[in-house]
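Heads up: the structure comes next, in structure tokens.
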Amino acid sequence: MNQPLFNHWSEVKYLKDIVTNPLIEVGDYSYYSGYYGNQNFEDGCVRYLWGDFKSQKLFNPIEQYGWHLDKLIIGNYVCIASGVVILMGGNHNHHSEWATVYPFVEQLEQSYEPKGDTVIKSDAWIGMNAMIMPGVTIGEGAIIAAGSVVSKDVPPYTIVGGNPAKEIKKRFTDSEIIKLMEMRWFDWNRKMIERAVPLLSSSSIDKLYNFYNSEVKKK
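Numbering (my numbering), first residue to last: 78 to 296.
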């Protein structure tokens, strides 16, 4: 019997501790909470991306075919819930404009088309069972509702949901979002962030902005 990947729903794994795929870039303190899906991040949550341990042993499309493979780029303090699927570019050999969408082996080398990097920027929260389609960029502080299918870019500090995912609301006013984008708290050093935790865990963007101007910006 295989040992479970997670022991309890409250357990998280920091991506920097578990990611080995050279095509996945991960920032600090971003985590995967995969208990209910019980899937490996690199070969379960992330799908169709060459570079995990198993696919590296099978083939190398970069050396064999000369493909330019898309990357998955994840910022700092990103929260990824159980059941999330991040679709990547390893199966982009299906052409709707061809007579058949079937990926004949003889045409694999010629048929591959990159979709562009998938980017999940800092402080985003990807809800349970959401699906992120290839080539999408999810902005800073965005929230993806559970079960959503994200096929288009999501602006910073925006909540989206549904299939296809559509904007539900902005998390803050436009002026507050401008301040948050200027502050970029998730790029501060860890000690400064720890000092600001009470402000980060509140709704007062103005108080956080005052802290930023007095304690961060001046350094």
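Ideal Cβ positions, reconstructed from N, Cα and C, are used throughout, including at glycine.
Contact between the stretch 195–206 and the stretch 179–186: three or more CB pairs below 8 Å? Because the criterion of three Cβ pairs below 8 Å is not met, the stretch 195–206 and the stretch 179–186 do not touch.
Classify M78: buried if its beta carbon has 16 or more other beta carbons within 10 angstroms, exposed otherwise. If you number the sequence shown from 1, residue 78 lands on position 1. With a pLDDT of only 38 at M78, under the threshold of 50, the placement of this residue in the model should not be trusted, and no figure is reported.
DSSP on M210, reduced to helix/strand/coil? By one-based count along the sequence shown, residue 210 stands at place 133. Coil at M210, not helix or strand.
Using DSSP with H/G/I as helix, E/B as strand and the rest coil, what is G238? In the sequence shown, counting from the first residue as 1, residue 238 sits at position 161. Here G238 sits in strand by DSSP.
Taking the beta carbon of L135 as the centre, do at least 16 other beta carbons fall within 10 Å, making it buried, or is it exposed? Locating residue 135 in the sequence shown gives position 58, where the first residue counts as 1. Classification for L135: exposed.
Could you give the uninterrupted runs of the alpha helix (DSSP H) lying entirely in the stretch 126–170, keeping only those of 4 residues or more? Within the stretch 126–170, the complete alpha helix (DSSP H) runs of at least 4 residues are 130–135, 138–142.
Please state whether DSSP places E244 in a helix, a strand or coil. Here residue 244 is taken as the residue at index 167 of the sequence shown, counted from 1. Reduced to three states, the DSSP call for E244 is strand.
Sorted by chain position, which residues of the same chain lie with C-beta nearer than 7 Å to V293's C-beta, five sequence neighbours on each side aside? The residue labelled residue 293 in the question sits at position 216 within the sequence shown. By the criterion of a C-beta distance shorter than 7 Å, V293 is surrounded in its chain by W265, M269, once the five residues flanking it on both sides are discounted.
Take I139 and list the residues in its own chain whose beta-carbon comes closer than 7 Å to its own, dropping the five residues that flank it on each side. Numbered from its first residue, the sequence shown carries residue 139 at position 62. The residues are L146.
Tell me the DSSP secondary structure of R261 in three-state form. Within the sequence shown, numbered from 1, the residue matching residue 261 stands at position 184. Shown here, R261 sits in coil according to DSSP, grouped into three states, outside any helix or strand.
Just mark T235 as buried or exposed, buried being the case when its beta carbon has 16 or more other beta carbons within 10 Å. As a working mapping, residue 235 is identified with position 158 in the sequence shown. Classification of T235: buried, given that the 10 Å Cβ count is 16 or more.
Over the uninterrupted alpha helix (DSSP H) stretch that includes V274, give me the two end residues. As a working mapping, residue 274 is identified with position 197 in the sequence shown. First-last of the alpha helix (DSSP H) with V274: 267–277.
V52 - DSSP class collapsed to helix/strand/coil: Outside the displayed range of the chain (78 to 296) lies residue 52, so it cannot be described from this structure.
Where V237 and I101 are concerned, what is the direct C-alpha to C-alpha distance, given to the nearest angstrom? Within the sequence shown, numbered from 1, the residue matching residue 237 stands at position 160. Within the sequence shown, numbered from 1, the residue matching residue 101 stands at position 24. Distance between the alpha carbons of V237 and I101: 24 Å.
Could you check which residue in P99, T250, F263 has the C-alpha nearest to that of D283? For the purposes of this step, residue 283 is taken as the residue at position 206 of the sequence shown. It is T250.
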